[in-house]
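Residue numbers (UniProt numbering): 1 to 373.
Using N, Cα and C, we set each Cβ at its ideal position, and we do this for glycine too.
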């Protein structure tokens, strides 16, 4: 009986092979990385897993915002990748554009997906994947909550959460004030032009090399004004790039050491910004960014490292006291302007390359109201 069954199975398989049908191996095909796919442009079919980093528009150009089409995306092994040579360009057929096209789904940037298709140049001669047959969410998001980084904060709220986060993010590499120049050229790089940085308040894309003290240069803006707590540019809060950003020299001067609040009159060279005698109101697109930087500083610097205990309050005109306001407005800004791809990438670059700590309120915006209800 066993011999007869073996004979029948063998006959069936031979028959299938005779008609050009082979047993499927799709279920055993291993998922490969983007770097492996880039080195295997041989026309083979593979499933590639990586992070969505933007939309390719030419062989050496990938845009990360203001997407123009749903026809292609770029994958990388890290969501903070900015070198196009380390990206795989993926063709998006019409059947997948509604779900995976970036013009329709800009929030996909920073998420991990898996794509099955043919490894062959796309936007020739760039490494690519064409004629995909499947797109799936691979799970995870980068930047985002990196594994167990926040494990000690899990399940906590209020003061206990703040204390746990303080311990976690205090484990960092500290930069000198000179090193901040180099760091900002990396953390605030324009996704559409690797030679430029994006200025925080004004939103202008400006050459990385135009940093300095001239009228049209950019310099190092302390979002938590360095006079609020009187820490200056000392290594520590004065050099923490989680709150230092590139800004036009004159706009930086206009902000000065003002607290944050709604309203005021127009600020020159800063579209969307307003200010009055006691407060500054940045453009709407970065109000949440500003708020989350303030919240980071309040958790990171608690007075146990030789510096002042920094805290937000609901006042303005805080002067040199270690406070900054207005807390109620900052909370509203954080809720109205959630973290975007640029802010998430910046957090990841600081973690990967510079300070090796994170802003928890970018990864978990919901923690703002847990600590400051």
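According to DSSP, residues forming a beta bridge with residue i
i: residue 374; result: This structure cannot settle anything about residue 374, because the visible part of the chain is limited to 1 through 373.
i: residue 56; result: 62
i: residue 150; result: None; residue 150 has no bridge partner.
i: residue 218; result: 211 and 248
i: residue 274; result: 266 and 281
i: residue 324; result: 312
i: residue 230; result: None; residue 230 has no bridge partner.
i: residue 241; result: Partner(s): none; residue 241 has no beta bridge.
i: residue 49; result: 114
i: residue 90; result: 73 and 129
i: residue 190; result: 193
Three-state secondary structure (DSSP) of residue i
i: residue 206; result: strand
i: residue 123; result: coil
i: residue 40; result: coil
i: residue 102; result: coil
i: residue 197; result: strand
i: residue 373; result: coil
i: residue 347; result: helix
i: residue 263; result: coil
i: residue 109; result: coil
i: residue 72; result: strand
i: residue 356; result: coil
i: residue 301; result: coil
i: residue 34; result: helix
i: residue 85; result: helix
i: residue 307; result: coil
i: residue 79; result: coil
i: residue 175; result: coil
i: residue 135; result: strand
i: residue 95; result: helix
i: residue 19; result: In this prediction, residue 19 scores a pLDDT of 36, lower than 50, which makes its location untrustworthy; no coordinate-derived value is stated.
i: residue 256; result: coil
i: residue 128; result: strand
i: residue 180; result: helix
i: residue 27; result: Caution applies to residue 27, whose pLDDT of 36 falls short of 50 and renders its modelled position unreliable; the value that the coordinates give is listed next. Helix, per DSSP.
i: residue 361; result: helix
i: residue 158; result: helix
i: residue 223; result: coil
i: residue 142; result: For residue 142, the pLDDT reaches just 45, beneath the cut-off of 50, and the residue's location in the model is therefore unreliable, leaving the point undetermined.
i: residue 235; result: coil
i: residue 67; result: coil
i: residue 334; result: helix
Candidates the options, of which the one nearest residue i by Cα
i: residue 49; options: 76, 39 and 226; result: 76
i: residue 202; options: 125, 252 and 357; result: 252
i: residue 242; options: 152, 91 and 186; result: 186
i: residue 346; options: 280, 154, 188 and 86; result: 188
i: residue 322; options: 237, 333 and 114; result: 237
i: residue 172; options: 361, 232, 364 and 357; result: 357
i: residue 284; options: 334, 216 and 165; result: 334
i: residue 111; options: 229, 100, 56 and 118; result: 100
i: residue 372; options: 353, 35, 122 and 330; result: 330
i: residue 279; options: 55, 102, 318 and 359; result: 318
i: residue 388; options: 174, 41 and 165; result: As shown, the chain starts at 1 and ends at 373. That puts residue 388 outside it, with no answer to give.
i: residue 230; options: 239, 63, 157 and 320; result: 320
i: residue 82; options: 348, 233, 240 and 46; result: 348
i: residue 53; options: 41, 80 and 34; result: 80
i: residue 177; options: 206, 232, 150 and 152; result: 232
i: residue 222; options: 216, 205, 214 and 254; result: 254
i: residue 148; options: 368, 370 and 360; result: 360
i: residue 269; options: 196, 152, 56 and 200; result: 200
i: residue 228; options: 313, 92, 116 and 117; result: 313
i: residue 167; options: 302, 350 and 306; result: 302
i: residue 136; options: 116, 152 and 151; result: 116
i: residue 197; options: 256, 247, 150 and 155; result: 247
i: residue 306; options: 44, 234, 275 and 332; result: 234
i: residue 40; options: 84, 97, 366 and 121; result: 121
i: residue 300; options: 240, 105 and 210; result: 240
Cβ separation of residue i and residue j, assumed to be a contact under 8 Å, to the nearest whole Å
i: residue 78; j: residue 51; result: 6 Å
i: residue 310; j: residue 293; result: So it is not a contact: roughly 12 Å between Cβ atoms.
i: residue 324; j: residue 218; result: Their Cβ separation, rounded to whole angstroms, is 22 Å, which puts residue 324 and residue 218 out of contact at 8 Å.
i: residue 103; j: residue 69; result: 6 Å
i: residue 88; j: residue 127; result: 6 Å
i: residue 108; j: residue 37; result: Not confirmed; about 19 Å, so no contact.
i: residue 338; j: residue 288; result: 6 Å
i: residue 375; j: residue 114; result: Residue 375 lies beyond the stretch modelled for the chain, which goes from 1 to 373, so this question has no answer here.
i: residue 267; j: residue 275; result: 5 Å
Please determine if the stretch 149-161 and the stretch 177-189 are in contact, where contact requires at least 3 C-beta pairs separated by less than 8 Å. No, because fewer than three Cβ pairs between the stretch 149-161 and the stretch 177-189 fall closer than 8 Å, the two stretches do not touch.
Would you say the stretch 336-356 touches the stretch 124-136, given that touching needs at least three Cβ pairs under 8 Å? Fewer than three pairs of CB atoms, one per stretch, sit closer than 8 Å, so the stretch 336-356 makes no contact with the stretch 124-136.
Inter-stretch contact (C-beta, 8 Å, three-pair minimum) for the stretch 186-199 and the stretch 256-264: No, the stretch 186-199 is not in contact with the stretch 256-264.
Does the stretch 57-69 come into contact with the stretch 27-41, if we say contact requires no fewer than three beta-carbon pairs (one atom in each stretch) closer than 8 Å? Contact fails between the stretch 57-69 and the stretch 27-41, because fewer than three Cβ pairs, one in each stretch, are under 8 Å apart.
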